[in-house]
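In our numbering, the protein residues as written are 54 to 240. Yeah, the Cβ is synthetic: ideal placement off N, Cα and C, and Gly gets one too.
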Amino acid sequence: MSGLELFAAALGVIAVWLTVKQNPWCWPIGLVMVLLYSWIFFEVKLYSDMLLQVIYAALQVYGWWQWTRAGTMHDGREVTRLDQRSILIGLGAGAVGSLLLGAAMAHWTDAAQPWLDAALTGFSLVAQLWMAQKRLQCWALWFVLDVIFVGLFIYKGLYLTAALYGLFTLLAIQGFREWRADPALRP
54 MSGLELFAAA
64 LGVIAVWLTV
74 KQNPWCWPIG
84 LVMVLLYSWI
94 FFEVKLYSDM
104 LLQVIYAALQ
114 VYGWWQWTRA
124 GTMHDGREVT
134 RLDQRSILIG
144 LGAGAVGSLL
154 LGAAMAHWTD
164 AAQPWLDAAL
174 TGFSLVAQLW
184 MAQKRLQCWA
194 LWFVLDVIFV
204 GLFIYKGLYL
214 TAALYGLFTL
224 LAIQGFREWR
234 ADPALRP
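#1: Rounded to whole angstroms, what is the Cα-Cα separation between His127 and Thr121?
#2: Is the separation between the beta-carbon of Tyr109 and that of Val87 shorter than 8 Å?
#3: Tell me which residue opens and which closes the alpha helix (DSSP H) that Glu58 is part of.
#4: Have a look at the DSSP bridge pairing and note the partners of Thr133.
#5: Take Thr162 and list the residues in its own chain whose beta-carbon comes closer than 7 Å to its own, dropping the five residues that flank it on each side.
#6: Is the separation between the beta-carbon of Ala172 and that of Met158 shorter than 8 Å?
#7: Cβ of Tyr218 within 8 Å of Cβ of Phe202?
#8: If you pair each beta-carbon of the stretch 208-225 with each one of the stretch 132-144, do three or more pairs fall below 8 Å?
Structure, rendered in structure tokens:
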């Protein structure tokens, strides 16, 4: 555990908690966190996760824009549910992305866990996009991914990051509960 990992983890807790509370400050704080984690993952040869953090940086900007400027009156995006077709399309895109990235990482790098890391990356991008769009189902996908991330980070000796993702798992449950109760979802 390094001071950098500790600082990044602290920012992660703050960013996800703010996301649960639908506070748009989650996005700039998350931006700093993902940039720090890109370096941490590079150091432990989790290259797909490193790439994911770089992509997350762009998605942090997109999420901030979505939450503060989207909508006809520029008063932010409301929580919505995805229909079954959209869920299947998103999960299908995550699977295809996972396979392509996994093959690339297994063939061209010395990645520590090329297939698992790629799968977590592919599906995390789907979850992050759904979160930026305030789709309720993002939390269920984050829950599954966070549980798997905990195991990966324990395996790689990133114990603080594993604990962080354990906390993210609990926050995903809380996020689902709070977003499901949002007045925008009531018929």
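If we stick to the structure as given:
#1: Because the pLDDT of His127 is 45, which lies under 50, any placement of that residue in the model is unreliable, and the number read from its coordinates should be weighed accordingly. Each residue's CA atom was taken as its position, placing His127 and Thr121 some 7 Å apart.
#2: Yes, the Cβ-Cβ distance between Tyr109 and Val87 is below 8 Å.
#3: Its alpha helix (DSSP H) spans residues 56-73.
#4: For Thr133, which the question treats as bridged, DSSP gives the partners Arg188.
#5: Apart from the 5 residues on each side of it in sequence, Thr162 sits with its Cβ closer than 7 Å to the Cβ of Tyr100 in its chain, given in chain order.
#6: Taking 8 Å as the Cβ cut-off, Ala172 and Met158 do not qualify as a contacting pair.
#7: Result yes, Cβ atoms of Tyr218 and Phe202 sit closer than 8 Å.
#8: No: the two stretches stay apart, fewer than three of their Cβ pairs being nearer than 8 Å.
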